[in-house]
Structures are given as structure tokens and as C-alpha cells.
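Heads up, the thing below is written out as C-alpha cells.
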Amino acid sequence: MSATTSITKAGGHSSVTRLLMRNHIWVFLALTVVVFSASSPYFLTVNNLGNVLTQAAFIGILAIGMTMVMIDGEIDLSVGAILALASALAIGLQDHIGIWPAVFVGLLSGAALGFLNGTLVALSGMHSFIVTLGGLIGIRGLVFIYTGEDALMVSDFSYTDYPEIYLGPVSLTAMIFIALALFFQWVLSSTRHGRETYAIGDNIDAAHDAGINIKRHKIINFTLCGALAAVAGILLSMRLGTAEPNAGKVWELWTIIAVVLGGTRLQGGYGSMWMTIGGVLTLAVLRNGLRLLNTPNYVELMVMGTVLVLALLIDKLLSRQEA
Amino acid sequence: MANPILTLSGITKTFPGVVALDKVSFDVRPGEVHALVGENGAGKSTLMKVLAGLYHPDAGEIIYQGQPVQIDNPLAAREKGILLIHQELSLSPELSVAENIYLGAWPTNALGVLNKRKLRRDAQAALDAMGCSFGPDDRVGTLSVAMQQMVEIARSQAFSANVVIFDEPTASLTDTEKDQLFTTIRGLQAQGVGIVYISHKMDEIFELTDRITVLRDGQVQGTVTTRETDATAVTRMMIGRTLEAYFHKADSSFGDEVLRVDGLSLKGQFEDVSFSVRQGEVLGFYGLVGAGRSEVVETLFGIRKADRGTLQWHGEEIPLPSPRQAIDLGMALVPESRKEQGLVLMMGGMENTTLPHLASYARNTVMDRGKERATFDEYKDALSIKTTGPEQAVATLSGGNQQKFVLAKWLCAGPKLIILDEPTRGIDVGSKSAIHTLIANLAERGLAVIVISSEMPEVLGVSHRVLAMAEGRLVGEFEGEAMTEENLIDAVSHHLARPAAE
Amino acid sequence: MQTEVKAFLRRHGLLAGFGLFLISVALSADAFLTPGNIFDVLRQVSITGVMAVGVTFVVITGRLDLSVGSLLTLLTVIVVDQHNTSGPAMAILITLAAGIGVGMFNGVLVGLVGLNALIVTLAMLSFLQGLVLFYSGGSNVNVQNAQTTWFAVFGRHDLLGVPVPALIFLVTAVIAAFVLNRTVFGRQVFAVGGNETASRFSGIASRWTVFWAYALSGLTTAIAAVIMGSRVMGAQNTIGQGYELTVLAGVILGGTSLLGGSGSIWRTVLGITMLGFIQNGLLLLGFPYYIQWLVTWAVIILAVWIDLGAKRGRILA
Chain Z
33 MSATTSITKA
43 GGHSSVTRLL
53 MRNHIWVFLA
63 LTVVVFSASS
73 PYFLTVNNLG
83 NVLTQAAFIG
93 ILAIGMTMVM
103 IDGEIDLSVG
113 AILALASALA
123 IGLQDHIGIW
133 PAVFVGLLSG
143 AALGFLNGTL
153 VALSGMHSFI
163 VTLGGLIGIR
173 GLVFIYTGED
183 ALMVSDFSYT
193 DYPEIYLGPV
203 SLTAMIFIAL
213 ALFFQWVLSS
223 TRHGRETYAI
233 GDNIDAAHDA
243 GINIKRHKII
253 NFTLCGALAA
263 VAGILLSMRL
273 GTAEPNAGKV
283 WELWTIIAVV
293 LGGTRLQGGY
303 GSMWMTIGGV
313 LTLAVLRNGL
323 RLLNTPNYVE
333 LMVMGTVLVL
343 ALLIDKLLSR
353 QEA
Chain G
116 MANPILTLSG
126 ITKTFPGVVA
136 LDKVSFDVRP
146 GEVHALVGEN
156 GAGKSTLMKV
166 LAGLYHPDAG
176 EIIYQGQPVQ
186 IDNPLAAREK
196 GILLIHQELS
206 LSPELSVAEN
216 IYLGAWPTNA
226 LGVLNKRKLR
236 RDAQAALDAM
246 GCSFGPDDRV
256 GTLSVAMQQM
266 VEIARSQAFS
276 ANVVIFDEPT
286 ASLTDTEKDQ
296 LFTTIRGLQA
306 QGVGIVYISH
316 KMDEIFELTD
326 RITVLRDGQV
336 QGTVTTRETD
346 ATAVTRMMIG
356 RTLEAYFHKA
366 DSSFGDEVLR
376 VDGLSLKGQF
386 EDVSFSVRQG
396 EVLGFYGLVG
406 AGRSEVVETL
416 FGIRKADRGT
426 LQWHGEEIPL
436 PSPRQAIDLG
446 MALVPESRKE
456 QGLVLMMGGM
466 ENTTLPHLAS
476 YARNTVMDRG
486 KERATFDEYK
496 DALSIKTTGP
506 EQAVATLSGG
516 NQQKFVLAKW
526 LCAGPKLIIL
536 DEPTRGIDVG
546 SKSAIHTLIA
556 NLAERGLAVI
566 VISSEMPEVL
576 GVSHRVLAMA
586 EGRLVGEFEG
596 EAMTEENLID
606 AVSHHLARPA
616 AE
Chain A
668 MQTEVKAFLR
678 RHGLLAGFGL
688 FLISVALSAD
698 AFLTPGNIFD
708 VLRQVSITGV
718 MAVGVTFVVI
728 TGRLDLSVGS
738 LLTLLTVIVV
748 DQHNTSGPAM
758 AILITLAAGI
768 GVGMFNGVLV
778 GLVGLNALIV
788 TLAMLSFLQG
798 LVLFYSGGSN
808 VNVQNAQTTW
818 FAVFGRHDLL
828 GVPVPALIFL
838 VTAVIAAFVL
848 NRTVFGRQVF
858 AVGGNETASR
868 FSGIASRWTV
878 FWAYALSGLT
888 TAIAAVIMGS
898 RVMGAQNTIG
908 QGYELTVLAG
918 VILGGTSLLG
928 GSGSIWRTVL
938 GITMLGFIQN
948 GLLLLGFPYY
958 IQWLVTWAVI
968 ILAVWIDLGA
978 KRGRILA
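As C-alpha cells, then:
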């Protein structure tokens, strides 16, 4: 066939600029690290950075699942409640069935509730915001039914030793977070399921016409999101040795904040685990750094709010430039 | 003559209240380009969706490669080798070129891991066969519209398509890009692919196609060999009556100048546009989609902000208005897209009608429902709108009745200038001629009227004076004897033929 | 006949289901449908109810407001604190002004600048929580002359046997329904939520419509804070936590679409009141309070699903 030659590419930015624009959160993260290193001698130490990573892990693991769901163009508000349920089951059941079976049941509960969320979204055609808002309220009810109003305590303290496994300054919890994030980045970039996530969030009609099973796909992502929330819940119960019925309350909001701060878009079709790790670490560094500087609690909350709005503004400006 | 690769016979498809396709028969031979033409609403897009497996016919038979087949969904169509190139491209901007070409059919191992090497290699082969300059790893969102279209067409190579259906493929292409598309289509033709080419544009059809099938009101009016016919004959088949009877030109005397525009410019859209329009005059704007016509009137109306230019309203210079100010001056804009720009679909006809003039239907900011109802009743009768009542959501009305509500909402405040952007797009022939008559009546009542259309007979039929636009510039003005198809085509194509910077 | 029943259920199914619930609880708990209990429920729902009335405007424009819970906390702290320092009248004025001010700030970011409503109001949720701690210094505030102040009227008193907060809820709802259904602004709210582009082509300044909807949401939250402050005669730093979700649940339960363009005040009132009666009924039946959350979950899913299914003519998507 004859040549089609003179059509040129749109957009004039070099690939490096584009990479930075897509991952601008890392630039911001680097800036915050520099600022805190300059203002506090305790910040840039191996131990403190290890702590930051551990502190980031819980929201971080929730954020991994949220990213999958959000690239699909959906949202999951129930992750905080699922986290609490999994943590309660893992601690509450271990006296009866042993630690690892209890952990397994906790995981299973998260996956099952995620599956329920996904199935309701797929079958009913309701917006996931509504379905999982219902879940947020109702699953917290399940937690209270199981725990009553008091926290559950572990009796076998070997359970709380697992998070104390360290590789250098990096805790097991942090390692699990990083491993999961890398694994799901690989899923997003290299597997059929991951690429379909973008296809669906980007142009659902095109995905449908190409024969992608959208309902099944979304159910899988909600199930993953639920299961990951359960992982976070179990790690939290190991770290604390207790399971509070109110654990994880409003964490779904912090998770959404972290993911959006990273650059993943609520509208779907755009985002990555790299962005999400950047967003999660930025939140954790801000929190840690402000505490090291002994700023009162309220400054932290106000800075978070401000940073989030700034991130939105920057994203708006950048996407206008890229277009 | 080769046997047809795809034959439709007696295809019927009905929707509640409408027969969209009435015993349609149609065939495509290998290596031919077969044009499918017809007015909006004639059934072209329904037929296309039947071929692509999006609709299932109520009756009739599809014979493909000699066998009767059933096309269940777009995927099944693609697997059989029937490919539809959508007008609105069916691509995911975040994915790579290769991933888009093979969307839904990616090579994976048993665990669902993509075989990126094979994907890239296969995609590269398809791109090479088309002579594309971009690579399989480029993100589709960074490509131009023309290149994105090439990505879709590359699916024909990837899936060894035997039939490729193009739906208005040149709608958003520049002239150079169009030539390249035609080269690509001729390449497919040379491979023995049968091509269905849906278009409004007579020049393209006569340049490219071998046969023409005309649809009107869901029925095939006839299939003719392109070499043996001409544009007038095909147009007659499309509209079913002669041009003279079809249009009604206002018999009005011109009064004072209502609007004068000088040097209006908006970067990247249009440049240095100047014109004026008088009371009682119908001023036509002719140009292809993308020429900047809609952008000019949207700027006049304040939807877009101009970079430069001045406006005179009844002889007095005024600042460029906001939409609110434009409406209050007495401007009305019937926008190009009825559903997106014209109506709030879930609202009733009455609320849509009064929407631009809420303040004049309110006393102390409280809505006067009696007054709203009176206006609704008046325009329901005057425009013979078929609706069950003021509350019926306009989403549930036919295109023609929806358009009448758009007209009602702009006429009810008694404007001095009315701008109609593609006022007859996507509506049936009956409503179309009612709208042409209305345009004439408005001018005869002394309104200044601006009509934008990419249908040349329409623009020539209703206007007293026509401005031609191409690539954001006014390229000609024609009045009286000089208002001919030849002159308009000359003006537009002369401009486009100038060597463009590459 | 059968189709008429179907049509009735489609339009008023929510109401019918609610009626069934009321009757069945009343059969097993005698105290349920007594005036005293009904007024108790209305007193309880008045705070979320007043807030939901304002949020309904925002939701009809196709936006969200998640900041109202934190805003309720902040404004309750302000009204109680100012009551002690500036007197009740001044305290109320300051609270209303602050509420409208925060609403306008949301309105600037979402309406005028065009940022995503969910994220902006989420950011505001965090920011306002910080502001609460900054303002209160982390400690609880209490009204000093709780027994004597006329400020008690709003949360604690009855008028003609009806609790004043319930009356405030009613009056707010009636005014809001009038504004939404009968005024130019109300029509603009529906138009912007239904089709923002078409609204702009009709000369409506859609950005400002959104701006004013947020201002209204701030105003109703301020009214709710006055009721809250008066009822509790004090404020903790977490007093409004989670209210944004209860409010949203009530609005959604009422059938107002999150996509914008449709909804009504009386349905929001119904949604919020239903949540109140469900909560109260379950408590009277002897269930622990957290059972209501499970029931709320089920009710939201069922109500929205049935509503959606009726609109599209099929239950499954």
C-alpha cells in the first residue's frame, strides 16, 4: 500500500517533559523532602524514613485497590469499613480457629464484600459512589455486630511480632505495601486485565464494542479493592494487637485524597501505581515532617486540605497544556 | 463482475413508532467503493449498525461470503472481517497504538500476561502495510485526529477485514489529510476489500466511489453506477423532489443594518472576519465542518471570548457581549448540537422554551407559570409541535419536535437577529421544509437571519447573500446571479488548494 | 388495574414501603406512633434535615458537598463560643455569616474555578477540621448560662406542642422548596444540573448558579449548627463528624440523582425522615443502635436500584 507520510504528531512536548508532567507528584515529594530535611535534623535519617514508609503502608495498601477501581472510572467508599471488619475477624477468630485461618477468614471477608460491591454496581447500573456509600454505613454495622462496642484484643502475642520483622530500617508492613504496589503496577502495565482497566475507564463504548466483558472486569477490581482493604486491616491488627470497631473511619477519604494527589483522575482512564505511591508518600512525609517540627495537629489538617486543592489546580493547568 | 462479498436482502428494522429500515437490499463487491447516501434520518446509520452487529434486524437476511450469517455484536462482526470505522473514533487515548489496534484481542499467555513483543510486531506490520509514520508504542492520545483514524483503519490489516465501513470519515480532516485517507482507501480497494462509504459530500462521493446507493425514509431509492450519473440526479433521489419546490426564499425588503462585525479574530479558530446583516435579510454562511463558522457565531454570542474585533449593533459600537447580554440585545442562537447545546433534555418543553428569558417570565424573581404556559401554548400551535403537554420531557420527543422547541425558545422573546447553526441537521424531510418556510417568514417579518449550513442546496435555497468560509477565513461573498454552486465550490476549494504549510 | 398499581408503586414505592415499615413497627412497639415519640424523631432529624435541604441544591447542580459535616462542627463551636463572648444574637449572626462564607469559598473553587467538587469539598473537610482545632484549641466549649439563655429556644423548646427544631426544619424546607420550584434561581439550578452547556447557551451564568448553591449549603449548615449548639449547649471537636454521609444518604434515599438535573426538597425531607424513623423504630424494638446502619445500607441500595430500574424499564443494567 502506498505511503501516508506527512501527517505529523500533535503536541510538541519532549518525552521527558511529558513524563515529569504526568508524574509531577514526585517533583512535589522531592521538594517536601528537601524542605523537611533542611528544617529538621531528625527527618532525613534512615530510621525516620523507615517509619514514614511504615506509616504510609496502611493508607497505601488501601490506595492500591482504590487506584484500580478509579482507573475504571469508579470509586470505593467502603474500604475503611472493610479494613475494620477484616481486622476484627482476624483477631476475634484466632482464639477459636488459630491465627492463620483467622487471617484467611479476614481476607475472605474483604474479598467477599468487594465482590458484593462490584456485583451490585455491575448488575444494578447504580453509581459506585452510592453503592459503596451504602457499604460504608452498613459494613460498619457488621463490624459492631461482631465486636460489640469494645475493641478486641489478641491473646497470643506472637501475632504482634510479625510487623516487627525488619529488613534494615524497612518493616514487614512497609515491604508488603511496596511489593503489592509494584505487583499491581505490573498488573496495570503488563497484563490483559490491567490494560483493560485503562480501556474501560478511557472509552467504555470502545471497550464494549471490542468485546471486553466490562461487568466481570469491574467485579474483579472491586473484589481486589476489598481484598486489599482486608490486607491493610490485618496488618493494622498485627501492629496494634487490638481491633477497634471504629478503626479506619474516614480512611476512605484519606485514601481518595492520596490517590487523587498522585494524579490519578476520578473520571477514570488515567493514572498509575507510580502516581499513587507518590501521593501516598507525599501525605506521609507531610504528616511526619510536620509532627517532627512540632506543629500542632490543626496545621497538618489545614496543610493537607490546601495541598489537595493546589494539586487539583496544578492538574488543571497541566492538562490544559497537554491538550 | 465479481460476486458480492456481502449482501443484505430485505432488511427491516423498526423502532417504536418508526420504520427505520424498510426491506433494504444492498451489496458490496470485493475491491469496490460503494457509497451509501441519504439525508439525515434516511436510515444510513441504522443500516451501518446492523452491519456492525449493534442492531439486530427484525427481518431479512445477511449473506457474507456466500453464507447466510447472523452478526451478534461488533466483536463478531470484526472476527468475521467486517470493520466499522466510527465517526466518533472508537479508541482509548491512554493506550498505545498497538493496544488500540488489537483492543479486545490482545495476545496473552495462559495467565493473562500480555505478549508485548508479539503485539508490537503485529501492530508494526499493520502500520507498515498502511504506510503510517507513527509507531506501535505511541500513546494514541498524543496523535492527531487523522492519525487516530489511521489507527482504526489499521485494524483492517490486523484482522484481515474483507469489508470496511466508513461513516463520514472526512468530517474533521483537513484537505491534505483527506487526500491521504483517500489514498489509504484506494490501497484497501486494491487489496480486494469491499468498502462502504457513507458521506454527505457529493464531491467526495464522485471522486472516490464506484456505485451509489440512495436511502430515503428507510427505503432504497436505487443503486446507480457513479460514472453514469451526476450530483443533481443523486440529490433528487435523496430528497425526492426538485430543488425549486423544496426551498422557499424570503420575499422581503431589506431595512437598516442590524449587526456589523469588523476584524473578529480568535486564535487557532478564525481570523479577521468582517460582515454585516440587515433587517429582512437572510445571510448564509457556507463552509465545510471545521471551517470556523460555528466558532464565529458562538463568539458573537459570547460563548467564546474573541481576541480582537469590534461589533456594531444597530449602528452603535458595543463591547463584545456575554451570552446574557447578547440575548438581552435581541440576538438568538439556535446552536449546532440540539441535544448538547440546545436543550435540557430532562426538562419539559415549557421550561426549555422560557429558559433564556427567565427574568421576563418572573415577577420579583418568582416564576409566573400562567405566562409561561401561555407562551408554550402559543408556540406549540404556531410550530405545530407534537407533545403531550408542557411537562413532557423533551428527551422523549422526535428530533424534529425537539428542534421546534429550540426554535420556540429563541423566537418567543421576539429577537432582532436570529442565527441558525445547521438548523436542519438530523431531522426528517417534513420538519426540514417547515423550518425553511419559517426562516423565510422570519425575514419577511423584518428579522435579520444568519443561516449556517454545510448543505449547499440549503444555503443557496434560503439565503439572499452567502459568505463562504474556509480554514477560519472568509473566502468569498456572493449575491444574486453570482450565488451558484460552482462559485461557492470554487471559493472554498481555491482557498484550500493553496499550498499549505506542512 | 394491575398497571395502575404498578404505576403507583413506581411513583410512590418509597412512600409505600416506608408506610409498611411504620405500621409493622407500630404493631410491635406501642410507643412508636405516639405524638411524643414522633416529635422526638423529628427533633433528632431536624439537624441533618436542615443540612440536607441545602445540600439538595448542590446535588441537583450535579455536584457534591462533603464538607458539611466538618462545617457543622466548626459552626457549632463558633456559635457556642461566641454565645459566651458576644451574646446569642451576635453569635447567630456570626455563625450564619461564617457558614455562607465557607459555602462561598467552596463555590469559588468548584463553581468559578471549575475544580472537581468531590475533591474540593474533601479538602475542605480536612481544612475545616484543622480550623476547628485551631479555633477551640482542642478543648470542648460549653454555653455558660445554659439554664437562662433564650438561645435554648432553637434546640430545646416547643411551640404549640411542636419542637422548635422540627418547626425550623419544616420552615426551611418549605422556603427551599419554594425557591427551588418557583423562582428563577431554582429553575437555573435544574437547568445547570440537567445540561450545563445548554444553560450557558441560554444565557445562564452556570458558574454563578453553582456558586450560590454552595452558599445555600453553607447557610443551611449554619442554621443546623444553631440548632445543634442550642440542643447540646456545647460543642466537641468531633460533633459533626460523619454528618456529611448521613445527609448524603438521606438526599440519595429521597431519589435525587447524583448526576444532577432532578430531585426535590420534599423527597429529601422524606429520605431524611425515613432514616430517622428507621433508627428510632429499631431502637424501640430493642435492637442495638448499629443495626440501623445495616438497615440503612439495604434501604439505600434497594430504593435507588428500584428507582433506577423503574426509569429504565428493567431491573438489571
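So the sequence lines, in the order shown, correspond to chains Z, G and A.
Per the numbering used here, residue 33 is the first one in the first sequence, and the count goes up by one each step.
Per the numbering used here, residue 116 is the first one in the second sequence, and the count goes up by one each step.
Per the numbering used here, residue 668 is the first one in the third sequence, and the count goes up by one each step.
Glycine is no exception: its CB is placed at the ideal position from the N, C-alpha and C atoms.
Q.
Just list the residues that DSSP pairs S124 (chain G) with in beta bridges.
A. G:E176
**Q.** Where S203 (chain Z) falls, given that 16 or more other Cβ within 10 Å makes a residue buried
**A.** buried
Q) So with Cβ pairs under 8 Å, would you call S222 (chain Z) a contact of chain G? A) Interface criterion met: the Cβ of S222 (chain Z) is under 8 Å from a Cβ in chain G.
Q) By the 10 Å Cβ neighbour count, where 16 or more other Cβ atoms means buried, how is A616 (chain G) classified, buried or exposed? A) With a pLDDT of only 35 at A616 (chain G), under 50, the local geometry of the prediction cannot be trusted, and the value read off the model is given with reservation. Result: exposed.
Q) the stretch 153-174 of chain Z: which residues have C-beta closer than 8 Å to a C-beta of chain A, in chain order? A) A154, L155, S156, G157, M158, H159, F161, I162, V163, L165, G166, G167, L168, I169, G170, I171, R172, G173, L174
Q) Taking the continuous alpha helix (DSSP H) assigned at L148 (chain Z), which residues delimit it? A) The continuous alpha helix (DSSP H) containing L148 (chain Z) extends over residues 131-156.
Q: Return the residue from the list G:G219, G:A273, G:L206 that minimises the CA-CA distance to Q239 (chain G).
A: It is G:A273.
Q: Mind checking which residues open and close the beta strand (DSSP E) that includes E154 (chain G)?
A: Here E154 (chain G) belongs to no beta strand (DSSP E), and DSSP marks it neither H nor E.
Q: Could you name the residues of chain A that Q456 (chain G) contacts, counting a contact when the two beta carbons are closer than 7 Å?
A: T864, A865, F868
Q: Could you tell me if T357 (chain G) is buried or exposed, where buried requires 16 or more neighbouring beta carbons within 10 angstroms of its beta carbon?
A: Low local confidence applies: a pLDDT of 47 at T357 (chain G) is under 50, so the model's placement there is unreliable, with the coordinate-based value given in what follows. With a threshold of 16 other beta carbon atoms within 10 Å, T357 (chain G) falls short and is exposed.
Q | Alpha-carbon spacing of T86 (chain Z) relative to L169 (chain G), whole angstroms | A | 51 Å
Q: Answer with buried or exposed for P434 (chain G), where buried requires no fewer than 16 other C-beta atoms within 10 angstroms of its C-beta.
A: exposed
Q) For A970 (chain A), which residues from the same chain have a beta carbon less than 6 Å from its beta carbon, with the 5 sequence-adjacent residues on both sides left out? A) L681, L920
Q: Could you check which residue in Z:D347, Z:I208, Z:M185 has the C-alpha nearest to that of E196 (chain Z)?
A: Z:I208
(Q) Rounded to the nearest angstrom, what separates V349 (chain G) and I327 (chain G) at their Cα positions? (A) When rounded, the distance between both Cα atoms is 8 Å.
Q) Among all the DSSP beta bridges, which residues are the ones paired with R270 (chain G)? A) Bridge pairing for R270 (chain G): absent [DSSP].
Q. Listed from N- to C-terminal order along the chain, which residues in the stretch 777-798 of chain A have their beta-carbon within a distance smaller than 9 Å of any beta-carbon of chain Z?
A. V780, G781, L782, N783, L785, I786, V787, L789, A790, M791, L792, S793, F794, L795, Q796, G797, L798
Q) Under the DSSP definition of a beta bridge, which residues are partnered with F390 (chain G)? A) G:V376
(Q) Please report whether the beta-carbon of I177 (chain Z) lies at a distance below 8 Å from any beta-carbon of chain A. (A) yes
(Q) Can you pull out the residues from the stretch 244-267 of chain Z whose beta carbon lies closer than 9 Å to at least one beta carbon of chain G? (A) I244
Q | As assigned by DSSP and simplified to three states, the class of A179 (chain Z) | A | Here residue 179 (chain Z) turns out to be Thr, not Ala, going by the sequence shown. T179 (chain Z): helix per DSSP, three-state reduction.
Q) Is it buried or exposed for F845 (chain A), if we count other Cβ within 10 angstroms and need 16 for buried? A) That one is exposed.
Q | Distance CB(N809 (chain A))-CB(G938 (chain A)) smaller than 8 Å | A | no
Q: Let me know if T340 (chain G) comes out buried or exposed under the rule of 16 or more other beta-carbons within 10 Å of its beta-carbon.
A: exposed
**Q.** Cβ distance (whole Å) where A833 (chain A) is taken to contact S713 (chain A) below 8 Å
**A.** 5 Å
Q) What distance in whole Å lies between the Cβ atoms of V139 (chain G) and I126 (chain G), which are believed to be in contact at a cut-off of 8 Å? A) 5 Å
**Q.** Where G44 (chain Z) sits in the DSSP three-state scheme
**A.** Low confidence applies to G44 (chain Z): its pLDDT is 47, below 50, so where it sits in the model is not reliable enough to give any reading.
Q: Tell me whether the beta-carbon of L792 (chain A) lies closer than 8 Å to the beta-carbon of L837 (chain A).
A: For L792 (chain A) and L837 (chain A), no; Cβs fall outside 8 Å.
**Q.** Members of the stretch 902-923 of chain A near chain G, C-beta cut-off 7 Å
**A.** none
Q.
If you follow the beta strand (DSSP E) that P183 (chain G) is in, where does it begin and where does it stop?
A. 182-184
Q) To the nearest angstrom, how far is it from the Cα of F141 (chain G) to the Cα of N848 (chain A)? A) Roughly 53 Å between the two C-alpha positions.
Q: May I have the straight-line CA-CA distance separating L318 (chain Z) from V335 (chain Z), to the nearest angstrom?
A: Take the alpha-carbon of L318 (chain Z) and the one of V335 (chain Z): they are about 8 Å apart.
Q: Taking the CB atoms as reference points, tell me whether G463 (chain G) and Q518 (chain G) lie closer together than 8 Å.
A: no
Q: Have a look at A:F685, A:Y957, A:W875 and flag the residue whose alpha-carbon is nearest the alpha-carbon of A853 (chain A).
A: Here residue 853 (chain A) turns out to be Gly, not Ala, going by the sequence shown. Ranking the options by Cα distance to G853 (chain A), first place goes to A:W875.
Q: Note down the Cα distance separating L109 (chain Z) from L285 (chain Z), rounded to an integer number of angstroms.
A: 8 Å
Q. Comparing the C-beta of F801 (chain A) with each C-beta of chain Z, is any distance below 8 Å?
A. yes
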